[in-house]
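The numbers in the sequence shown follow this note's numbering, run straight up by one, and end at 917.
The structure under discussion appears below in the form of structure tokens.
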Amino acid sequence: MSICELRDATKTYGSGAAAVHALDKVSLAFEPGEFTAISGPSGSGKTTLLNLVGLLDVPTSGSVSITGQAAGGLGSRALARLRAENIGFVFQSFNLVPVLTATENVEMALHLAGTSGDRRKLAQETLAAVGLGEMLKRKPAELSGGQQQRVAVARALVKKPAVVIADEPTANLDSTTGSQILDLMREMNDQRKATFIFSTHDPMVMARARRVIALHDGQVAGDEVREPAADGSGGA
Numbered sequence: 682m683s684i685c686e687l688r689d690a691t692k693t694y695g696s697g698a699a700a701v702h703a704l705d706k707v708s709l710a711f712e713p714g715e716f717t718a719i720s721g722p723s724g725s726g727k728t729t730l731l732n733l734v735g736l737l738d739v740p741t742s743g744s745v746s747i748t749g750q751a752a753g754g755l756g757s758r759a760l761a762r763l764r765a766e767n768i769g770f771v772f773q774s775f776n777l778v779p780v781l782t783a784t785e786n787v788e789m790a791l792h793l794a795g796t797s798g799d800r801r802k803l804a805q806e807t808l809a810a811v812g813l814g815e816m817l818k819r820k821p822a823e824l825s826g827g828q829q830q831r832v833a834v835a836r837a838l839v840k841k842p843a844v845v846i847a848d849e850p851t852a853n854l855d856s857t858t859g860s861q862i863l864d865l866m867r868e869m870n871d872q873r874k875a876t877f878i879f880s881t882h883d884p885m886v887m888a889r890a891r892r893v894i895a896l897h898d899g900q901v902a903g904d905e906v907r908e909p910a911a912d913g914s915g916g917a
């Protein structure tokens, strides 16, 4: 079963002669363990596609499903629950809460997902897994850009999501730090088998991707599987 599937997904803004098809009848399936880059020029539909996969938006027509559950027809509360339970996010601007420590930022994802048990211990274990075991009590302003992105990766992974969505995760990092973050994500992809889906302009990201999907004018212009997914499924 695909982790995420879009069928004829269309997203239109405006109406009549002014209508813009940000996505136009896109059909894609993402399998467990993928490490996939979505590429394309500005305006090609990358962010719109990620917003649909991440259940941050709904298609104008067509369908989106996550872990076999159709998102169409769900109310905002049900969508939020489905998103919290199944999807982790990594943003180019990190989006950490500045007044919270690294541990508290990661714990917050567990709280929103309704995870029971020792949330603090799980948050600290995940931060240790991304190399921040000595910086648990530091706030974002006390961390470098690369360290903040590691906190963001830990926050995305701590609830063991089916899908991790990363929107230009290396855009605000220097090339050396960006390379380290990508290596970390590949390692987490191999260990935890979560499906990673990136939007990117960065050749370094595309070079590490196991699958590259090219978008142009809201349509799929190419779909290349370079190597098997982390669980051996081979991509879509």
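C-beta: ideal position from N, C-alpha, C; glycine also.
Because the structure is a prediction, the values reported are computed rather than measured.
*By a C-beta neighbour count over all protein chains shown, 10 Å radius and 16 as the cutoff for buried, is VAL780 buried or exposed?*
When all chains shown are included, VAL780 counts as exposed.
_For SER880, which residues in the same chain have their Cβ closer than 7 Å to its Cβ, ignoring the five residues on either side in sequence?_
Excluding residues within five positions, the ones whose Cβ falls inside 7 Å are ILE719, LYS727, THR728, LEU731, ASP848 and GLU849.
*Helix, strand or coil: which one does DSSP assign to GLN900?*
GLN900 sits in a strand when the DSSP states are folded into three classes.
_Cβ-based burial, GLY859 [other Cβ within 10 Å; buried from 16]_ = Buried is the label assigned to GLY859, since at least 16 other Cβ atoms lie within 10 Å of its Cβ.
_Rounded to whole angstroms, what is the Cα-Cα separation between ASP689 and VAL844?_
Rounded to the nearest angstrom, the two C-alpha atoms are 21 Å apart.
*Whole angstroms is fine: what's the gap from THR980's alpha carbon to ARG800's?*
Residue coverage of the chain in this structure runs from 682 to 917, which leaves residue 980 outside it and unanswerable.
*Just the Cα atoms here: how many angstroms apart are ASP705 and LEU817?*
Their backbone Cα atoms lie some 44 Å apart in a straight line.
*Could you give the DSSP three-state label for ILE684: helix, strand or coil?*
Reduced to three states, the DSSP call for ILE684 is coil.
*For LEU687 versus VAL771, is the C-beta spacing smaller than 8 Å?*
No; because the gap between Cβ atoms is not below 8 Å, this pair is not in contact.
*Which residues in the same chain have their Cβ closer than 7 Å to the Cβ of GLY721, if we skip the five residues on either side of it in sequence?*
Excluding residues within five positions, the ones whose Cβ falls inside 7 Å are LYS727, ALA895, LEU896 and HIS897.
*Should VAL787 and VAL839 be called a contact, given that it needs their Cβ atoms to be closer than 8 Å?*
It is a contact, given that the beta carbons lie within the stated cut-off.
*Going by DSSP, which residues form a beta bridge with ASP848?*
Bridge partners of ASP848: PHE772 and SER880.
*Bridge partners of LEU704, per DSSP?*
According to DSSP, LEU704 shares a beta bridge with LYS692.
*Own chain partners of ASN853 with C-beta closer than 7 Å, once the 5 adjacent residues on each side are dropped*: Cβ neighbours of ASN853 within its own chain (closer than 7 Å, five residues either side excluded): GLN773, SER774 and GLY826.
_Proximity to SER725 [Cα-Cα], best of LYS692, LYS874, GLU823 and ALA752_ = Nearest in C-alpha terms to SER725, of all of LYS692, LYS874, GLU823 and ALA752, is LYS692.
*Do you know how far the Cα of GLY695 is from the Cα of ASP883?*
ASP883 and GLY695: Cα-Cα distance of roughly 30 Å.
*asked:* Going by DSSP, what residue range makes up the alpha helix (DSSP H) through SER720?
replied: Run containing SER720: none in the alpha helix (DSSP H); it sits in the beta strand (DSSP E), 716–720.
_Could you compute how far the alpha carbon of ILE768 sits from the alpha carbon of GLN900?_
Counting only the Cα atoms, GLN900 lies some 24 Å from ILE768.
*asked:* Given a cut-off of 8 Å on the beta-carbon distance, is the pair GLY812 and ARG831 in contact?
replied: Yes, these two residues count as a Cβ contact at 8 Å.
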